[in-house]
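To keep things clear, I will list the structure first and then write my remarks on it.
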Amino acid sequence: QASICLIRYTVLRLKYQLSLRQYAMAVGCVFGGSCVLPCRFQPNSDTILHWVKKNGKDVQVHSYYDDKDQLGYQDPLYKGRTSLFNDQISGGNASLRLARVNLQDQGRYLCYASTSQNSQEAFVTLTVTAPVAGVDMVLVNNIVTCKSRGIYPRPQLTWSVSSRPATVAQDTTEVHEDDQGLYDIIIVIMSVIIIIIERISNILFFCSEGSSSTLGIILGVFGFLLFIAIIIVFIIKRKVKPLLTLSLITCLLHFFIFSRVSSGLFMSDVGLCSFTNRIIKLLLI
348 QASICLIRYT VLRLKYQLSL RQYAMAVGCV FGGSCVLPCR FQPNSDTILH
398 WVKKNGKDVQ VHSYYDDKDQ LGYQDPLYKG RTSLFNDQIS GGNASLRLAR
448 VNLQDQGRYL CYASTSQNSQ EAFVTLTVTA PVAGVDMVLV NNIVTCKSRG
498 IYPRPQLTWS VSSRPATVAQ DTTEVHEDDQ GLYDIIIVIM SVIIIIIERI
548 SNILFFCSEG SSSTLGIILG VFGFLLFIAI IIVFIIKRKV KPLLTLSLIT
598 CLLHFFIFSR VSSGLFMSDV GLCSFTNRII KLLLI
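Residue numbers (the numbering used here): 348 to 632.
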């Protein structure tokens, strides 16, 4: 009889192990937004769902049983920010919706689903990023300042000239972490080079931010100026009137600069019209 009991116990244990299905996945969430941590299970009666954050100690995120949410043991960090797709639970959807995502939400989560027939565990690793909203570059009295704010993970700002690393006279870089854990970065360089607005033959600075991705202030200035030069040669050979020549170049420059300004890729304290007129004068000298 002891042998029969042992065999029965082994069969029951094997049956449980086969019914306990596990899988893992990773999810990326944007800081301040909403995010869904996916989890599916084989639906049946007596559904019990638990979401737990595995952070050294178990942190109760969300629970569901007796056909309703059970938040009595929910950790205060998640209060008012979690919800399930209750109308889809009967179909096997145990996914968790997390609102107002912050950096503390990062980590490994366990989704446990149990029914009268089987049990399932799913692990979801959540990472949070705060993408670059923009990079501001300002030139004042030969001092170039490049700023980017509210970034995660910790960013790096780099300088380059025509897509090549730049050597600058002096530079000062400041990185600050705010109370939410996001990073603000400011870099200032004392440049001995006058930017292209002053002389076309000199160098144009590029400022780019890099963390998980790279955002650059990219201008195809040199290619465009070559295009303008070709047009000027064509106009001279065709003996087009100077007034028409000036109007054509002005139109092209305004189109080029406006397209960069409107897309947020070029930022300067120099006015658009002033910039255009100065370029035209240099081209026509």
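Idealized CB from N, CA, C, for every residue including glycine. Computed from a prediction, not measured in an experiment: that's the story for all the values here.
query                                                                                                             : result
Local conformation of LEU562 per DSSP, three classes                                                              : For LEU562, the predicted structure reports a pLDDT of 32, less than 50, and the residue's modelled location is therefore unreliable. The matter cannot be settled from this model.
Simplified DSSP state of GLY438, which is helix, strand or coil                                                   : helix
Whether ILE532 touches VAL491 by CB criterion (8 Å)                                                               : no
ASP393 vs SER463 beta-carbon contact at 8 Å                                                                       : yes
Rounded separation between VAL383 and ARG444 - CA only                                                            : 4 Å
Collapsed DSSP secondary structure at ASP416 in the structure displayed                                           : strand
Continuous beta strand (DSSP E) stretch holding ALA480: start and end                                             : Looking at the DSSP string, ALA480 is not in any beta strand (DSSP E), and its letter there is neither H nor E.
Exposed unless 16 or more other CB atoms sit within 10 angstroms - verdict on SER437                              : exposed
Nearest-angstrom Cβ-Cβ length linking VAL377 and THR476, presumed shorter than 8 Å                                : 6 Å
Bridge partner(s) assigned by DSSP for ARG455                                                                     : LYS401, THR472
Between the CA atoms of THR472 and LYS404 - distance to the nearest angstrom                                      : 16 Å
Nearest-angstrom Cβ-Cβ length linking GLY375 and ARG447, presumed shorter than 8 Å                                : In fact, because the Cβ distance is near 16 Å, the residues do not count as touching under 8 Å.
Nearest-angstrom Cβ-Cβ length linking SER495 and VAL482, presumed shorter than 8 Å                                : 5 Å
When ASP422, ASN433, GLY427 are compared against LYS401, the one with the closest alpha-carbon                    : ASP422
Opening and closing residue of the beta strand (DSSP E) in which SER430 lies                                      : 429 to 431
Buried or exposed (CB count within 10 angstroms, at least 16 for buried), TYR499                                  : buried
DSSP state of LEU591 mapped onto helix, strand, coil                                                              : With a pLDDT of 49 at LEU591, under the threshold of 50, the predicted position of this residue should be treated as unreliable, though the coordinate-derived value follows. It is helical.
Residues near TYR370 by beta carbon distance below 7 Å, same chain, minus five either side                        : ALA469
Spatial neighbours of SER381 in its chain, beta-carbon cut-off 8 Å, leaving aside the 5 residues before and after : ARG444, LEU445, ALA446, ARG447, VAL448
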